[in-house]
Amino acid sequence: MLTKALEINSQSLDDNALFIRSDVEFHRVLAEIPGNPIFMAIHVALLDWLIAARPSVPDRELHEHNNVSINSIL
-4 MLTKALEINS
6 QSLDDNALFI
16 RSDVEFHRVL
26 AEIPGNPIFM
36 AIHVALLDWL
46 IAARPSVPDR
56 ELHEHNNVSI
66 NSIL
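According to the working numbering, the sequence shown holds residues -4 to 69 in order.
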C-alpha cells in the first residue's frame, strides 16, 4: 500500500494540487502502518495545519524525501 501511494505521488509531480493530495495520502498510509490509532489521530489533527504551513520546497524535493522514507522502512 505504501509503495502504491509513492507511485501515485511520483506520477503527480507535474500537477501541484494533485501532488499535495497524493503526498497527504502517502503520509496517511505511513501513519497507519504501525497500527497505533494515536498516529492516525495526530495525522488527522495536524492535516489542515500542515497543508497550510507546507514549505515552499519543490515537489520533486519532497518526493525524494518520500523515497528516502520508504527505503528506510522497506
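Where a beta carbon is used, it is the ideal one built from N, C-alpha and C, also for glycine.
Bear in mind the structure is a predicted one, so any value in this text is a computation, not a measurement.
- Every alpha helix (DSSP H) stretch that sits fully inside the region 24 to 65 and reaches 4 residues is listed by chain position as 32 to 47.
- Taking the C-beta atoms as reference points, V39 is found no nearer than 7 Å to L(-3).
- Inclusion of N61 and L1 in the CB contact set at 7 Å is warranted, their separation being smaller than that value.
- For L(-3), the uninterrupted alpha helix (DSSP H) segment begins and ends at -3 to 6.
- A distance below 7 Å separates the beta carbons of F14 and D54.
- Taking 7 Å as the cut-off, the beta carbon of N31 is found no closer than this to the beta carbon of S17.
- The three-state secondary structure of D18, taken from DSSP, is helix.
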